[in-house]
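Notes follow once the structure below has been shown.
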Amino acid sequence: MSRLSIIPKLKRRKILEAIASGRRMDGRGLEDYREVTVRRGVVEKAEGSAEARIGDTWVIAGVKIEIGEPFEDTPDEGILVCSADFAPVASPTFEPGPPDEASIELARVVDRGIRSSDALGLKDLCLIPGKKVYVVYIDLCILNHAGNLLDAASLAAVAALMGAEKPVYEVKRGELQPTGEVEPLKLRRLPIAVSMAKIGDSIVVDPTVDEAEVMDTRITVTVDEEGNVCAVQKSGPQGLSVEEIWKAIEIAVNKAPMLRERLEAAL
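Taking the numbering used here as reference, the numbering of the sequence shown is continuous, increasing by one, and the terminal residue is 1506.
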């Protein structure tokens, strides 16, 4: 399906004209987010859960923690597994079936931000090197897609991890013994993803669905509390200049504290 079949030519032109003038169709400035809210404890049976809303975009994350065997090349590290599921009701373009390219990319970006920032500290999740480790599953469910799923999914995932609890085990004679107790899943960092679209000559923060349809490319920059860049994901047909990449990084560093405040407020 072509872009122009989704967005009529007139609407497309208005979007481009609005952005060129520095004011978007919904009244926001080019670097403004829509309203952002985060709420924890939304799935009763999960070890940790949260929902994040950016405008009308709505994502729920659930965390499940199990015991498993480590990978052979990382015998002293726990395992992180991230997956995404798009509810058919979330968007007219979503269809039921196996994971598509969009869901795979979404899960990969969230996973990379958490992993590259060492937010979980995978070595801390090792119980018996080479034998038993914690396996942390993050399941993302997209309930409504109104643009910028990456940032909403990242917020939901990190918030769910912040409230997650893992079962406590003792090691006796080389075997795990459950204590019946739980303890918080400690996070070393709070990685924040900030997504931007290049539309014409402008960099636009938190693009809507309509804006994404006319964008030239998208870049997502994940940063930690100290402003360190943990991950960068680019998608779209066109490239970005060095100056545009540095501008995107600067915007991400400036916007991340606001999003982190929403995370901490969800406590």
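Each residue gets a CB set at the ideal place from its N, CA and C atoms; glycine is no exception.
Checklist line | Whole-number beta carbon distance between tyrosine 1376 and isoleucine 1306, since they are thought to touch under 8 angstroms | finding: Not a contact, Cβ separation roughly 12 angstroms.
Check: Any idea what DSSP makes of lysine 1486, helix, strand or coil?
Finding: helix
Check: Which one or two residues does DSSP pair with aspartate 1378 in a beta bridge?
Finding: Gly1301 and Ser1322
Note to self: Is the separation between the beta-carbon of leucine 1502 and that of valine 1302 shorter than 9 angstroms?
What the structure shows: no
Item checked: Range covered by the alpha helix (DSSP H) that runs through arginine 1428 -> For arginine 1428, there is no enclosing alpha helix (DSSP H), since its DSSP letter is neither H nor E.
Margin query: So for alanine 1470, helix, strand or coil by DSSP?
Written below: strand
Next item on the list: Please classify glutamate 1290: does DSSP put it in a helix, a strand, or coil?
Entry: Strand.
Notebook entry, point to check: Leaving out five residues before and five after tyrosine 1408 in sequence, what residues of the same chain have Cβ atoms less than 7 angstroms from its Cβ?
Noted result: Leu1366, Leu1415, Gln1416, Pro1417 and Thr1418
Checklist line | Burial state of aspartate 1295 (16 or more Cβ within 10 Å) | finding: exposed
Checklist line | Beta-carbon gap between cysteine 1469 and glycine 1352 smaller than 9 angstroms | finding: yes
Item checked: Spatial neighbours of valine 1349 in its chain, beta-carbon cut-off 8 angstroms, leaving aside the 5 residues before and after -> Cys1321, Ala1323, Ile1377, Leu1379, Leu1389, Ala1392, Ser1393, Ala1396 and Ala1432
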